[in-house]
Amino acid sequence: MYFCLRKGNGKINANLPIMTKCHYIFLLIPVILLSGCCQRRDDKSLSEYSASSTAGRAYNFERYAFGLDSLPAEEALDRQRKRMMIDDSTLFQEELALQNHYFSNPNSPYRNEEYMIPVLESCIESPFASQQQKFEAQTNLPLFNLNRIGEEAADFSFTLRSGQTSSLSSIKADYIILFFSNPECGDCRRITELLSSDAALKQAQDNGKIVIVNIFPDDDIDIWLKCSADYPKEWVKGFAPGIDEPSAFGEQLYNLRAVPSLYLLDSEKRVVLKDAPPERILSRIFRR
978 MYFCLRKGNG KINANLPIMT KCHYIFLLIP VILLSGCCQR RDDKSLSEYS
1028 ASSTAGRAYN FERYAFGLDS LPAEEALDRQ RKRMMIDDST LFQEELALQN
1078 HYFSNPNSPY RNEEYMIPVL ESCIESPFAS QQQKFEAQTN LPLFNLNRIG
1128 EEAADFSFTL RSGQTSSLSS IKADYIILFF SNPECGDCRR ITELLSSDAA
1178 LKQAQDNGKI VIVNIFPDDD IDIWLKCSAD YPKEWVKGFA PGIDEPSAFG
1228 EQLYNLRAVP SLYLLDSEKR VVLKDAPPER ILSRIFRR
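Numbered by the numbering used here, the letters in the sequence shown go through residues 978 to 1265 in order.
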């Protein structure tokens, strides 16, 4: 086997030495070795690679978190269960910190209470979790199990600006965006502007396919009455104080650790996304 090397003008340069098959093989050896090294690293599972060091785990967790959303729900939860099977105290604590930071922190764009359920269950059972961590996991687990993805969202009543009473179950649409907010919250205002300025969302609302239900969950009705008039007129605006607190019968309907908090519900009021960023909700509806 021979190579003919070409000059820039396309002509054959007969003065250049011709490489024999032996030369070709020696030239390929480092390429093959380098390729093999890259392949072995790519073949290594993300969980194994992340567990190799503290820096490696932190570097890869964001990719891991992003990848979970592309999996079917039960497969993602199973991946989380397997990831928490750690037989080392230091690695367990590092993993727990990463899970809490990405999936439990209300300010994280990856926050997802569904993904935290296997983590909390593992924390309760693990010999490497402290008593305080076990207590917190036992406290949060029933709250994170409220309104799980795929389940019908808890129905509740709310008061409209007119003074009339309505309910979540009375809303009919292909999708419902349930938006818990406070008019004095800066991030709530940002999301309000984002949702109200989205042309595709506006058209879907005009066609009756999507309804945005904005709920004020706090007690100060004067603030709500003063500011809620500024919300888009096509939104359903309601006042439902204490919706995230245990009722007289001990029942808590929603776990609102912070506002803003957005849920996406389908036509049957089943939870599609829970406490998700608005960008993820719009992406899910319009397949962006």
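Where a beta carbon is used, it is the ideal one built from N, C-alpha and C, also for glycine.
Computed from a predicted structure; not experimentally measured.
Whose CA, out of the options, lies closest to the CA of residue i?
i, options, result
"R1234", "V1249, L1097, F1038, F1121", "F1121"
"E1051", "S1205, R1088, G1140, R1125", "R1125"
"M1093", "L1068, P1119, Q1108", "P1119"
"E1161", "A1131, V1249, S1205", "S1205"
"V1188", "D1207, C1165, K1214", "K1214"
"W1201", "G1127, L1054, I1063, S1158", "S1158"
"D1064", "R1040, H1078, E1102", "E1102"
"N1084", "G1044, D1055, C1165, S1224", "C1165"
"L1239", "E1222, S1107, L1259, S1224", "L1259"
My guess is that residue i and residue j are in contact by the Cβ rule of under 8 angstroms, so how many angstroms apart are they, rounded?
i, j, result
"D1075", "F1038", "Per the sequence presented here, residue 1075 reads as Leu, with Asp not at that position. Confirmed, about 5 angstroms."
"E1211", "Q1182", "5 angstroms"
"E1090", "K1203", "Not a contact, Cβ separation roughly 32 angstroms."
"R1247", "E1170", "Actually they are not in contact, since the Cβ atoms of R1247 and E1170 sit about 28 angstroms apart, beyond 8 angstroms."
"L1123", "N1232", "5 angstroms"
"R1261", "V1249", "7 angstroms"
Cβ atoms of residue j and residue i: under 7 angstroms apart, would you say?
i, j, result
"P1237", "P1086", "no"
"N1184", "F1156", "no"
"S1174", "P1209", "no"
"L1097", "N1117", "yes"
"S1066", "F1112", "no"
"L1230", "A1114", "no"
"A1177", "F1263", "yes"
"Q1109", "C1100", "no"
Using 10 angstroms around the beta-carbon of residue i, count the other beta-carbons present and answer buried if the total reaches 16, otherwise exposed.
i, result
"N986", "Unreliable placement is indicated for N986, whose pLDDT of 39 sits below 50; the coordinate value is still reported in the next sentence. So N986 ends up on the exposed side."
"F1080", "buried"
"L1048", "exposed"
"R1088", "buried"
"P1095", "buried"
"S1147", "exposed"
"A1042", "buried"
"E1025", "Confidence is the limiting factor: at E1025 the pLDDT is only 45, short of 50, which leaves the residue's position unreliable, though a coordinate-based value still follows. Flag for E1025 reads exposed."
"E1071", "buried"
"R1265", "exposed"
"L1010", "With a pLDDT of 40 at L1010, under the threshold of 50, the modelled position of this residue cannot be trusted; read the value that follows with caution. It counts as exposed."
Sorry if obvious, but does the Cβ on residue i come closer than 6 angstroms to a heavy atom of the ligand GDP?
i, result
"T1116", "With respect to the ligand GDP, the structure shown offers nothing to examine, as it has no ligands at all."
Exercise. For the 8 angstroms Cβ check, are there 3 or more pairs between the region 1232-1251 and the region 1147-1158?
Worked result: Under the three-pair Cβ rule at 8 angstroms, the region 1232-1251 counts as touching the region 1147-1158.
For this session: Please determine if the region 1217-1225 and the region 1180-1197 are in contact, where contact requires at least 3 C-beta pairs separated by less than 8 angstroms.
Result: yes
For this session: Determine, using beta-carbon pairs with one atom in the region 1047-1067 and one in the region 1128-1142, whether at least three such pairs fall under 8 angstroms.
Result: no
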